[in-house]
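Participant:
Residue numbers (UniProt numbering), protein chains in the order written: chain C, 1 to 434; chain H, 1 to 252.
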């Protein structure tokens with residue numbers, strides 16, 4: 001795939017990236033609690049090189065820092081996840097969440113305003129009625145586009161632990177939020193109540209050995225959802241089976257390879273992200289060193305496993321020491337479920353073509369991708385022959401991590417968050433992997 | 001990656017070759033599996049304790065680290081190395097404990113020969129006599145010995161911090177008070193009772209941390225630097241006290 005770049009920058013570290021259902025809008029959340037929405041410019045015949053670029057559409061402060069007085073601890077304003085609601089009218093809506101509180105935001109456009117009121121003047125002040133001699137019908141006149149964002153719902157006090165995922169149900173009426181130990185089901189219109197559907201908190205906290213790391217609703221079956229754990233397992237749950245879905249319908253777990261066992265085996269098996277395919281037939285998971293594709297019908301092992309950066313396997317102790325081993329990388333499907341993508345270190349991100357079994361490593365950085373330049377594949381060498389432009393494992397920059405990536409729902413456009421920079425790459429040539 | 005591990009310590013290439021430096025140093029030869037395992041245990045305990053003090057811990061990370069600690073403890077129990085024995089204390093600096101733990105990254109298959117190396121006497125029972133800087137190992141080991149279960153509960157027990165109070169000595173009531181105040185001065189007093197060498201370990205380990213937690217660990221280091229007077233005289237602290245201090249630190 002030949003990718004060219006269009007990029008934007010802002011001040012704070014990006015913590016989540018999400019396209020809406022049409023791909024027209026792209027939302028990012030950052031550590032400062034802000035949400036920035038980009039809109040794709042409509043393609044025009046006059047300027048073929050500017051077609052399809054994303055420009056800033058709206059910026060707003062979603063969450064503010066809070067203080068939990070009971071525990072004497074700060075609640076970070078960092079946006080953990082954003083999920084768009086399917087569009088049902090002229091307005092757009094999205095859910096954004098920090099560690100504790102989920103908010104529903106409505107985004108509307110105003111490009112006309114009424115003029116010619118009878119009782120008010122242009123500034124809105126009441127007219128002196130004695131000056132009104134005739135009646136007129138107010139007329140809508142065009143004005144500069146104004147994007148208004150308003151908080152419509154605040155879903156607070158639902159979580160004791162840190163919220164790591166939110167997912168909107170295909171029924172468009174409910175959504176779920178998951179923290180380390182519990183998953184709640186909310187109705188989009190009701191903020192003072194939520195329904196607990198999963199609770200893995202042990203009676204005795206001393207017995208806690210496993211937490212929930214991610215969760216998602218099935219894209220088509222509104223009764224099904226999956227959640228992943230820190231032990232590397234996936235649980236598919238059916239809300240029709242029982243009110244409390246502590247017992248899974250299906251448990252997806254790959255047995256550990258005893259010859260590969262080390263003290264770090266469990267940590268690197270912890271699933272950091274789970275995503276259903278668009279078809280609903282597969283699930284994609286990311287653990288520290290691999291991405292795996294699971295068939296919903298096969299619980300014993302994944303159907304495909306791809307190595308993201310296996311050269312780190314011998315460095316796990318150092319990565320444990322500097323905490324990098326706990327980094328939570330996300331993963332993404334393309335629109336046709338044929339290519340999967342995930343981030344890595346050194347501002348590298350990886351793509352795997354499930355059909356051709358080819359993979360590529362690309363870099364998101366200003367130096368290596370001027371606007372409209374084609375991205376060049378990168379290579380990490382692990383000893384042996386070293387080609388020009390190869391990077392050795394020892395010179396990888398572990399502070400430059402690409403944790404958050406998103407793929408346009410239908411086209412080959414990807415959004416890559418590299419610390420505090422957002423890169424948007426588009427494929428204009430063709431969609432074959434090279 | 002070489003520079004990521006320990007500042008100032010030359011990383012040994014673990015392919016069976018001894019370099020000249022290793023031969024001359026004698027003691028600094030290729031570390032045994034047990035020594036590396038001990039180092040990992042120490043590192044894990046420090047990780048659990050450090051970042052719980054000022055901000056709400058990341059539960060997933062804490063659980064994974066605690067599980068690692070438990071794994072090591074289980075293996076050490078099976079090995080028979082999980083006991084306090086007198087060592088031929090070599091006066092090694094704690095810095096030496098943080099040797100290359102390359103071997104730990106290998107699969108169990110690769111470690112087959114490493115496991116047969118006899119234990120390195122990594123425990124120091126006689127804490128009071130230890131004038132060297134490696135008391136940090138003993139302290140963290142002791143806390144692990146004393147209460148593997150307590151460690152877990154105190155790691156993430158945010159809801160019932162009083163549960164473990166029954167296990168503490170009476171001298172610890174004042175420590176509780178100190179923590180409840182949570183003012184910088186009182187925390188400093190708390191640390192002044194702790195052997196300063198503990199924070200040498202801290203400094204070395206957290207020197208390489210590049211994520212946001214660094215901010216909190218940094219402030220921790222400023223506390224330790226202002227209590228330099230502590231030094232070796234505090235080696236005389238009762239082992240149990242330190243033990244419980246560790247548990248309280250973890251709790252908060």
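Think of the CB as a built atom: it goes at the ideal place given N, C-alpha and C, for glycine as much as any other residue. Please read all numbers here as calculations on a predicted model, not as lab measurements.
What three-state label does DSSP hand residue 131 of chain C in the structure shown?
Facilitator: Helix, per DSSP.
Participant: Might you give, ordered along the chain, the residues of its own chain that have their beta carbon closer than 6 Å to the beta carbon of residue 390 of chain C, omitting 5 neighbours on each side?
Facilitator: Cβ within range, chain order: 379 and 381.
Participant: To test your reading of the DSSP string, which unbroken alpha helix (DSSP H) runs of 4 or more residues are found completely within the region 281 to 330 of chain C?
Facilitator: If we require 4 residues or more, the alpha helix (DSSP H) runs fully inside the region 281 to 330 of chain C come out as 316 to 321.
Participant: Strictly below 7 Å CB to CB, what residues from chain H border residue 273 of chain C?
Facilitator: By Cβ distance, chain H contributes nothing, its closest Cβ being about 13 Å from residue 273 of chain C, past 7 Å.
Participant: Are the beta-carbon atoms belonging to residue 405 of chain C and residue 414 of chain C less than 8 Å from one another?
Facilitator: It is a contact, given that the beta carbons lie within the stated cut-off.
Participant: Looking only at its chain, what residues have a beta carbon closer than 6 Å to the beta carbon of residue 214 of chain H, apart from the 5 residues adjacent to it on each side?
Facilitator: At residue 214 of chain H, the pLDDT of 36 sits below 50, so the modelled position is not reliable; the number obtained from the coordinates is stated separately. Answer for residue 214 of chain H: no residue qualifies.
Participant: Using 8 Å as the Cβ pair cut-off and three pairs as the minimum, do the region 239 to 248 of chain C and the region 296 to 313 of chain C touch?
Facilitator: These segments do not touch.
Participant: Note down, in chain order, all residues in the UniProt domain "SERTA" (33 to 80) of chain H with a beta-carbon under 7 Å from any beta-carbon belonging to chain C.
Facilitator: The UniProt domain "SERTA" (33 to 80) of chain H vs chain C, Cβ under 7 Å: 40, 43, 55, 56, 59, 60, 61, 63, 64, 67, 68, 71 and 72.
Participant: Under a three-way DSSP split, which group does residue 55 of chain C fall into?
Facilitator: Strand.
Participant: Please report the distance separating the alpha-carbon of residue 366 of chain C from that of residue 36 of chain H.
Facilitator: If I take the Cα positions, the gap works out to 41 Å.
Participant: Are the beta-carbon atoms belonging to residue 397 of chain C and residue 345 of chain C less than 8 Å from one another?
Facilitator: Yes.
Participant: From residue 451 of chain C to residue 167 of chain C, what does the alpha carbon distance come to, in whole angstroms?
Facilitator: The displayed coordinates of chain C run from 1 to 434. Any statement about residue 451 of chain C would go beyond what the structure contains.
Participant: What is the residue span of the beta strand (DSSP E) that residue 111 of chain C lies within?
Facilitator: Its beta strand (DSSP E) spans residues 102 to 115.
Participant: In terms of alpha-carbon separation, which member of C:73, C:88, C:77 and C:148 lies closest to residue 108 of chain C?
Facilitator: Minimum Cα distance to residue 108 of chain C is reached at C:148.
Participant: Under the rule that 16 or more other beta-carbon atoms within 10 Å means buried, what is residue 102 of chain C, buried or exposed?
Facilitator: Result: buried.
Participant: State the Cα-Cα distance for the pair residue 170 of chain C and residue 230 of chain C, rounded to the nearest angstrom.
Facilitator: Computed Cα separation, rounded: 26 Å.
Participant: Under DSSP, the alpha helix (DSSP H) around residue 68 of chain H begins and ends at which residues?
Facilitator: That run of the alpha helix (DSSP H) goes 59 to 79.
Participant: For the region 169 to 247 of chain C, which segments carrying the beta strand (DSSP E) assignment without a break, of at least 3 residues, lie completely within its bounds, in sequence order?
Facilitator: Correct list: 174 to 178, 182 to 187, 195 to 199, 212 to 217, 224 to 229 and 234 to 238.
Participant: Quick check: the Cα distance between residue 275 of chain C and residue 283 of chain C, rounded to an integer number of angstroms?
Facilitator: Cα to Cα, the separation comes out at about 6 Å.
Participant: Evaluate contact between the region 27 to 34 of chain C and the region 53 to 71 of chain C, counting only Cβ atoms and requiring at least three cross-stretch pairs below 8 Å.
Facilitator: Cβ pair count under 8 Å is three or more, so yes.
Participant: Any residues in the region 153 to 172 of chain C with a beta carbon nearer than 9 Å to a beta carbon of chain H? Which ones, in chain order?
Facilitator: Residues passing the 9 Å Cβ filter: 160, 161, 162 and 164.
Participant: Going along chain H in order, which residues have a C-beta closer than 7 Å to the C-beta of residue 180 of chain C?
Facilitator: Those within 7 Å of residue 180 of chain C in chain H are 59 and 60.
Participant: Helix, strand or coil: which one does DSSP assign to residue 73 of chain C?
Facilitator: DSSP places residue 73 of chain C in strand when its eight states are reduced to three.
Participant: Across which residues does DSSP place residue 37 of chain C in a beta bridge pair?
Facilitator: Bridge partners of residue 37 of chain C: C:27 and C:58.
Participant: Is any beta-carbon of chain H found at less than 8 Å from that of residue 213 of chain C?
Facilitator: Yes, its Cβ sits closer than 8 Å to a Cβ of chain H.
Participant: According to DSSP, simplified to helix, strand and coil, what is residue 82 of chain C?
Facilitator: In this structure, residue 82 of chain C counts as strand in the three-state DSSP scheme.
Participant: Under 9 Å between beta-carbons, which chain H residues line up against residue 266 of chain C? List them in chain order, please.
Facilitator: Ordered by position in chain H, the residues that pass the 9 Å Cβ test against residue 266 of chain C are 64, 67, 68 and 71.
Participant: By the criterion of Cβ-Cβ separation under 8 Å, what are the contact partners of residue 270 of chain C in chain H?
Facilitator: Ordered by position in chain H, the residues that pass the 8 Å Cβ test against residue 270 of chain C are 60 and 64.
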